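What follows is a set of notes on a single structure, which appears directly below.
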Amino acid sequence: MMKTIQLQNVCKSFPGQDHPAVDGVTLTIEKGSVFGLIGRNGSGKSTLAKMLAGILRPTSGDILVDGKKNASETARWQRSRIAYLTQSPLALNTMTVRESLDCFSRLYGANQPKAHREETLERLGLTQHGNQIVRSLSGGQSKLVQLGIAISSERPFVILDEPTNELDAFNRRLVWAEIDRLAKQGTTVLVITHAVSEVESCLTHLGIMHEGHLVVSGTVDEVIQDNRRQRTVTYRTSPESKDEKAVFKQFVNEESVPKVVLDLYNKGVTDITITSANLEDLFVSTVGHKGKA
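Every letter in the sequence shown is one number past the one before it in our numbering, and letter 245, counting from 1, is 1556.
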């Protein structure tokens, strides 16, 4: 049974670094939720995921399961209930795809029937590659094998770290369809990504990391409600040009739109579009102007 997992003022520091990789994060992941953790490269997302998975221990702070602060009990729960898809290549890449799914299914204690394994391969478009050695596959195909392993674990909490890296548009859709399927089964899913526009439709909760801090957190509805008055002003400095470098965006409060538009008109800009800000706009406006994380 999946339980609520909480982080309380969790920090993680590494030797030789000037600042903590994760700095004072407090977060609750409810059972059955699909939590999207987004942020720029180096923002602390993967470090946070590894602490949730029990791979790394916090330098300070606590990880609680169902409100209980018991380090040994939490560690046991993490080992037995969480499946983690990392960004790293599959370690046992000398096995075939089918052997990999079978092996990890046993390691996870799932012992998935062969029929279920074949269904997983079919959903991920891997049936024809089932007898290939994993290291002979493309990077994208290997990523799908890793996803298949996480799914085959049948664990109630799945952490997917950049699950669509190296995938083309078609296979990215397969991944989001699998996440949606897991959610409908009641699996708790933590998705770490920077592909905000792709993941938005299947999230229940959202967190934004920046420089080790969790700067935005809540249900998707709460985050949208908090930013309902934000507008995106998109304008093209050269109407004839199709160069994307000539397209600019500003994220402003609703009240500021008339002034911004007037300023643009006064500068000779006439190709202007105003839209409600979406989650990707929120992400860019939150961390995009602050420099590299």
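Glycine is no exception: its CB is placed at the ideal position from the N, C-alpha and C atoms.
Just so you know, these numbers come straight off a predicted model, no measurement behind them.
Under the three-state reduction of DSSP, which class applies to ARG1330: helix, strand or coil? In the sequence under discussion, the amino acid at residue 1330 is His, which differs from the Arg named in the question. If DSSP states are grouped into helix, strand and coil, HIS1330 belongs with coil.
Give me whichever residues DSSP pairs with ARG1266 in a beta bridge. Any answer about residue 1266 is impossible in this case: the structure gives the chain only from 1312 up to 1604.
Identify, in the order they occur along the chain, each residue of the same chain with its Cβ nearer than 6 Å to the Cβ of ILE1316, setting aside the five sequence neighbours on each side. Excluding five sequence positions before and after ILE1316, the CB atoms of its chain that fall closer than 6 Å to its own CB belong to ILE1340 and VAL1376, given in chain order.
Write down every uninterrupted run of the alpha helix (DSSP H) in the region 1385-1457 whose length is 4 residues or greater and which is fully enclosed by it, in chain order. Runs of the alpha helix (DSSP H) lying entirely within the region 1385-1457, each at least 4 residues long, are 1408-1418 and 1425-1434 in chain order.
Take the Cβ of PRO1496 as the centre, count every other Cβ of all protein chains shown within 10 Å, and call the residue buried at 16 or more, exposed below. Correcting the residue identity first, residue 1496 is Gln in this sequence and not Pro. Answer is exposed; the Cβ neighbour count stays below 16.
Does the beta-carbon of SER1357 have 16 or more other beta-carbons within 10 angstroms, so that it is buried, or is it exposed? Around the CB of SER1357, 16 or more other CB atoms lie within 10 Å, so the residue is classed as buried.
First and last residue of the uninterrupted beta strand (DSSP E) at VAL1486: From DSSP, VAL1486 is part of no beta strand (DSSP E) but of the alpha helix (DSSP H) over 1480-1495.
Taking 8 Å as the cut-off, does the region 1539-1548 touch the region 1511-1520 (at least 3 CB pairs, one atom from each stretch)? Verdict: no, contact absent.
Quick one: is SER1508 buried, meaning 16 or more other Cβ sit within 10 Å of its Cβ, or exposed? Under this definition SER1508 is an exposed residue.
Nearest-angstrom Cβ-Cβ length linking THR1337 and LEU1367, presumed shorter than 8 Å: In this structure, THR1337 and LEU1367 do not form a Cβ contact; the two beta carbons are roughly 17 Å apart against a cut-off of 8 Å.
Residue nearest to ASP1472 in terms of C-alpha spacing, selected from TYR1546, ILE1444, MET1362 and GLU1384: Looking at the Cα atoms, MET1362 is the closest of the given residues.
Answer yes or no: do LYS1323 and THR1370 have a C-beta to C-beta separation smaller than 7 Å? Less than 7 Å separates the beta-carbon of LYS1323 from that of THR1370.
Which of helix, strand or coil does DSSP assign to LEU1501? Three-state DSSP puts LEU1501 in a strand.
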